[in-house]
Structure formats: structure tokens, C-alpha cells
Amino acid sequence: MIALDTVRLTTGDGAGSIELAGDIPRNGPGNLSLTALGVELKDIYGLAQRDTIGIGGTVILDARLAGTAGAPELRGTGALTGGAFGDFQAPLIRSAFDYRDHLLRSNLTFWRTGQPVVEVDASLPFDLALSGAPARRRLPGPLTIL
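Note that this note's numbering has the sequence shown beginning at 202, numbered continuously upward.
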């Protein structure tokens, strides 16, 4: 286990922040929290060394990682406000996710002018182990996307 007190990164203007706190699961159980507020999607793409042209929006994320490295449990919520991916514009995208027992469950909603316009519920069998994962992370079982 790797223990973090609190690691906080903030943007130069103070408008955005990322905070990590807790224990990263390795051989034993962990409990790590990640909170991102006001982080620009373009900055995330830049850190990942991806093309940032046409990328826009602000990210909010509240996530928890628990369990062990071989059997992690994830849950959280997130939102993207003012999302832009080239010509595609999404004023608001909200999501919730939960992963345990090799099953990722998620809900994704696209909003426009205060009304949900597209909602997707998904249930996907995957192995998201942080260590000892198989070469193919997709597991047998039904993919459910509604």
C-alpha cells in the first residue's frame, strides 16, 4: 500500500484543482479519493500528449478507489461543462459509475438547455485490475447498453 497524505494541485489562477488523498491499493486494501474541480479538458489532453485543437470544456470529478490492486472497486460521478470535440459541442455531460466484481456499471447523460437529450446506461464485464490483469480485459458476459 502507498499512503498519500493529501496531494493538491491547483491551476495558476486558482480556478481549478485536483486533490488526491488516501491509500493506493497494492498488496493490501486501499481507499483513495480523487477530486477534480474546474480542470480544463484541454489541459488533460495536453498532459496525455494528445492533440488539443478543438478540445474544450471544464471537468468535475469525484471518484473513490478501494479494494485491492487485484480486485479494485471504483465509484464516482463526473461532469463536463461546455465540452467541445472538434465540431461536436455538448453543453453538459454528467456521468456516474460503479465498478466491482469485474462489472462496470455506468450512466451517461447529455444535457442541452436544462433538458436531458441522450441518456445511456451501460453494464460492461471488464477486468480493471491494477496488477495481475489478463492480456484481454474484456471478460465473457453480456454487454448491456440502453
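Positions of the beta carbon are idealized from the N, C-alpha and C atoms, including for glycine.
Our contact map puts residue i next to residue j with C-beta atoms below 8 Å; I'd like the distance itself, whole angstroms only.
i	j	result
Leu242	Gly255	The Cβ separation is near 11 Å, so there is no contact.
Ala237	Leu262	4 Å
With DSSP as the reference, identify every bridge partner of residue i, one or two as the case may be.
i	result
Arg265	Ser234, Arg276
Pro326	Leu304
Ile294	Leu281, Phe311
Val260	Val240, Leu281
Pro218	A small fix is needed here, since residue 218 is Ser in this sequence, not Pro. Bridge partners of Ser218: Thr211, Leu238.
Val319	Phe311
Quick check on this structure: which residue in the options has the alpha carbon closest to the alpha carbon of residue i?
i	options	result
Asp328	Gln316, Thr269, Asp252, Val319	Thr269
Ala280	Ala272, Thr253, Phe311, Asp299	Phe311
Asp302	Ile346, Leu340, Thr212	Leu340
Val208	Asp214, Ala222, Pro273	Ala222
Gly277	Ala297, Val319, Gly283	Ala297
Arg338	Gly271, Thr282, Asp206, Gly247	Gly271
Tyr300	Gln316, Leu275, Arg313, Pro317	Leu275
Thr314	Ala336, Gln290, Glu220, Ile219	Gln290
Inspect the beta-carbon positions of residue i and residue j and report whether they are closer than 8 Å.
i	j	result
Asp322	Asn308	yes
Leu235	Ala264	yes
Leu305	Leu325	yes
Ala204	Asn232	no
Lys283	Pro292	Before going on, a small fix: residue 283 reads as Gly here, not Lys. Yes. Within cutoff.
Val240	Thr259	yes
**Request:** Answer yes if the segment 211-230 comes into contact with the segment 245-253, meaning at least three C-beta pairs across the two stretches below 8 Å, and no otherwise.
**Result:** no
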